[in-house]
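For what it's worth, numbering that gives the first Met the number 0 labels the leading residue of the sequence shown as 0, then goes sequentially. Beta carbons: idealized from backbone N, C-alpha and C, even for Gly. Report on the following structure.
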Amino acid sequence: MPKLTHLLIILWLLTSYPILANEVVLRSPPTNANGEYIKELLTTAYSKLGIQIKWLQVNGARELKLASNNELSGALARVSSIEQQYPKLVRVDFPVLTFQLLKVSDRYRCGYCLNKDIRSIAYASGALIAEQYVEDATKHAEKFAVSNPQQLNAMIAKRRIDSVLLMNFQLDQAAYLNPYLLIDKVDIEVDYHYLSPENANLASQLETIFAAMKESGELQAIQIKYNKNSYLDSTILPERPISFIANNWTDYTNNDGTGIYWQLIDSVFKTFTTSKITAVKEEVLFQFLSGQKDILVGAYRSLPTNDAIFSHYHIDFEYPLVGFSYQESLLLDYKQRDGKLKICVLPDAGSFLFEELSFVDNKNILKRPIEECVDLLKNKSIDLIVTYQYHLPEQLKHFKKMTIIDRTPLFLAFQNTAHGRYLKEYFDTAILKMAIDGRLKKIFPSRETFKQAHITDF
0 MPKLTHLLII
10 LWLLTSYPIL
20 ANEVVLRSPP
30 TNANGEYIKE
40 LLTTAYSKLG
50 IQIKWLQVNG
60 ARELKLASNN
70 ELSGALARVS
80 SIEQQYPKLV
90 RVDFPVLTFQ
100 LLKVSDRYRC
110 GYCLNKDIRS
120 IAYASGALIA
130 EQYVEDATKH
140 AEKFAVSNPQ
150 QLNAMIAKRR
160 IDSVLLMNFQ
170 LDQAAYLNPY
180 LLIDKVDIEV
190 DYHYLSPENA
200 NLASQLETIF
210 AAMKESGELQ
220 AIQIKYNKNS
230 YLDSTILPER
240 PISFIANNWT
250 DYTNNDGTGI
260 YWQLIDSVFK
270 TFTTSKITAV
280 KEEVLFQFLS
290 GQKDILVGAY
300 RSLPTNDAIF
310 SHYHIDFEYP
320 LVGFSYQESL
330 LLDYKQRDGK
340 LKICVLPDAG
350 SFLFEELSFV
360 DNKNILKRPI
370 EECVDLLKNK
380 SIDLIVTYQY
390 HLPEQLKHFK
400 KMTIIDRTPL
410 FLAFQNTAHG
420 RYLKEYFDTA
430 ILKMAIDGRL
440 KKIFPSRETF
450 KQAHITDF
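Printed below as a string of structure tokens:
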């Protein structure tokens with residue numbers, strides 16, 4: 000073979016099959032946790048093949064076209080639906096990124112926020128997975144497409160909308176601590192690494208490398224480094240007796256085991272052996288925090304419950320705590336935590352109310368029936384009445400009013416153990432099913448009490 004022809008063949012092979020070289024060219028990832036994760040993952044995998052990556056600053060919107068035209072060696076991580084538009088790209092059949100599509104909803108606006116109860120929903124324009132969900136699941140809702148994911152965070156934080164759709168990595172971390180927000184995983188997006196046509200026969204080699212990294216634990220180490228490790232499934236444990244504890248709330252958690260919340264517990268955990276007791280707040284917390292009881296019923300997210308975990312779904316919304324006075328300035332004094340104020344409360348006021356009044360001198364707090372409290376306020380013998388906005392007498396409409404604490408969701412608190420996590424998952428699954436099929440509303444004695452719970456439309 001002539002020497003010139005031989006050189007031309009070698010040159011043709013090198014230009015047509017860059018996989019024979021020791022370098023590939025990929026788009027430089029964005030400077031965020033996902034970008035850093037995919038960069039280290041691909042760098043590690045390619046290095047095991049003796050290949051270095053040259054990172055090129057390229058607009059993400061151009062990446063797929065450039066890779067399809069062999070101007071890039073591949074695409075970092077993309078959802079498989081791109082294959083319809085770019086059929087020349089070759090998928091490395093191993094998931095490199097998994098994203099969750101979250102539906103973040105306002106409990107107060109739409110309760111459990113079943114799709115049928117959502118009246119308004121916002122999502123990121125151009126997000127195919129979100130657009131598909133909106134089209135399929137919320138046909139009747141008013142829809143808002145926004146260009147910036149941070150707008151979605153602002154909309155839900157300011158309680159301007161029932162629900163927003165966004166990916167898990169886009170959600171502000173503060174949302175997870177907000178008891179009014181219900182965060183549901185509604186879909187999963189799996190991203191794959193794609194190769195240009197010229198690099199197609201690298202696919203099987205990379206698949207083998209990724210599988211080996213998973214088997215050795217190297218992949219998990221990188222995932223943990225960038226907080227990308229998968230959620231572990233709850234451990235399913237054998238049934239054993241479950242112990243419940245709650246404050247004594249009249250008609251909700253009566254001492255004799257009757258009441259709305261106890262009936263709810265009996266309905267959800269009907270296949271279990273259960274024990275139910277009530278106690279004062281201090282004893283309730285002590286028994287739960289010391290691990291003597293499995294589940295605390297009617298828990299506030301703000302309670303000092305160490306590393307306890309809470310039910311995904313609330314069981315009720317407590318009525319607003321309100322104050323009444325004959326003079327606006329006394330309400331302002333309350334806001335400034337004036338301990339000298341004389342305050343009347345109902346005899347069955349719960350421990351949460353007394354915790355709110357902890358700044359007031361005990362001798363200035365009177366426990367009286369509501370009618371007596373109203374008479375004392377009329378005569379200006381007290382400064383305020385502090386009570387829940389529930390079945391209040393008409394006379395109070397003539398006084399100045401202030402909302403002290405808005406409606407507050409109540410949850411079940413579980414021990415953060417394998418058994419506790421199982422019970423939480425069991426409860427969340429069961430109560431959602433009861434809400435969907437209409438059994439849950441039958442536990443509440445009236446339309447008013449069910450609407451107050453903010454679960455679903457009556």
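Annotated three-state conformation of Ile208 is helix, per DSSP.
Collapsing the DSSP output to three states places Lys366 in a strand. Looking at the backbone, the Cα of Glu354 and that of Ala348 are separated by about 11 Å.
Shortest Cα-Cα distance from Gln394 to any of Asp382, Ala412, Tyr387, Asp374 involves Asp374. Straight across, the Cα-Cα distance linking Ser27 with Ala74 is about 10 Å. When rounded, the separation of the alpha-carbon atoms in Pro368 and Ile381 is 14 Å.
A distance below 9 Å separates the beta carbons of Leu439 and Thr455. Taking C-beta atoms as the reference points, Val103 and Val163 count as a pair closer than 9 Å. By the neighbour-count criterion, in which a residue is buried when 16 or more other Cβ atoms sit within 10 angstroms of its Cβ, Ile187 is exposed.
The beta carbon of Ile52 sits closer than 7 Å to those of Val23, Leu25, Leu41, Thr42, Tyr45, all from its chain and outside the five residues before and after it, given in chain order. Burial check for Ile120: the Cβ neighbour count within 10 Å reaches 16 or more, so the residue is buried.
A straight-line Cα-Cα distance of about 11 Å links Val283 and Gly290. Counting the other Cβ atoms within 10 Å of the Cβ of Gly110 gives 16 or more, which makes it buried.
Collapsing the DSSP output to three states places Cys112 in coil.
DSSP, reduced to helix, strand and coil, places Ser79 within a helical segment of the structure shown. DSSP, reduced to helix, strand and coil, places Lys53 within a strand of the structure shown.
Cβ-Cβ distances below 6 Å link Val89 to Leu194, Ala199, Ala202 in the same chain, with the five nearest sequence neighbours on each side left out; the list follows chain order. Here Leu176 is exposed, its C-beta having fewer than 16 other C-beta atoms within 10 Å. Residue pairing by DSSP leaves Thr252 without any beta bridge partner.
Nearest to Val57 by alpha-carbon distance, out of His192, Leu48, Val78, Pro29, is Pro29. Counting along the chain, the unbroken beta strand (DSSP E) around Ser242 starts and ends at 241-246. Apart from sequence neighbours up to five positions away, the residues of its chain that approach Asp306 with a beta-carbon distance below 7 Å are Asn415, ordered along the chain. Of Ser242, Phe285, Gln286, Phe287, the smallest CA-CA separation from Asp265 is found for Ser242. Arg61 carries a helical assignment under DSSP once its states are collapsed to helix, strand and coil. Every alpha helix (DSSP H) of 4 residues or more that sits fully in the region 321-373 is shown, in chain order, as 327-334, 350-355. Its chain contains Ile342, Val344, Leu356 as the residues whose beta carbon lies nearer than 7 Å to that of Ile364, once the 5 sequence neighbours on both sides are disregarded; these appear in chain order. Between Phe209 and Phe309, the C-beta spacing is not below 9 Å.
The C-beta of Pro408 has 16 or more other C-beta atoms within 10 Å across all chains shown, which makes the residue buried.
In this structure Trp54 is exposed. Its beta-carbon is surrounded by fewer than 16 other beta-carbon atoms within 10 angstroms.
Put simply, the backbone Cα of His313 is about 20 Å away from that of Leu288.
Here Ala307 carries a coil assignment [DSSP, helix/strand/coil].
Taking the C-beta atoms as reference points, Val78 is found nearer than 9 Å to Ile128. Counted as a single uninterrupted DSSP element, the alpha helix (DSSP H) harbouring Lys450 occupies residues 446-452. About 10 Å separates the Cβ atoms of Asp161 and Arg106, ruling out a contact at the 8 Å cut-off. Looking only at Leu100, Thr249, Ile435, the smallest Cα-Cα distance to Ile182 is reached by Leu100. In the DSSP annotation of this structure, the continuous segment of the alpha helix (DSSP H) that includes Lys423 starts and ends at 417-436.
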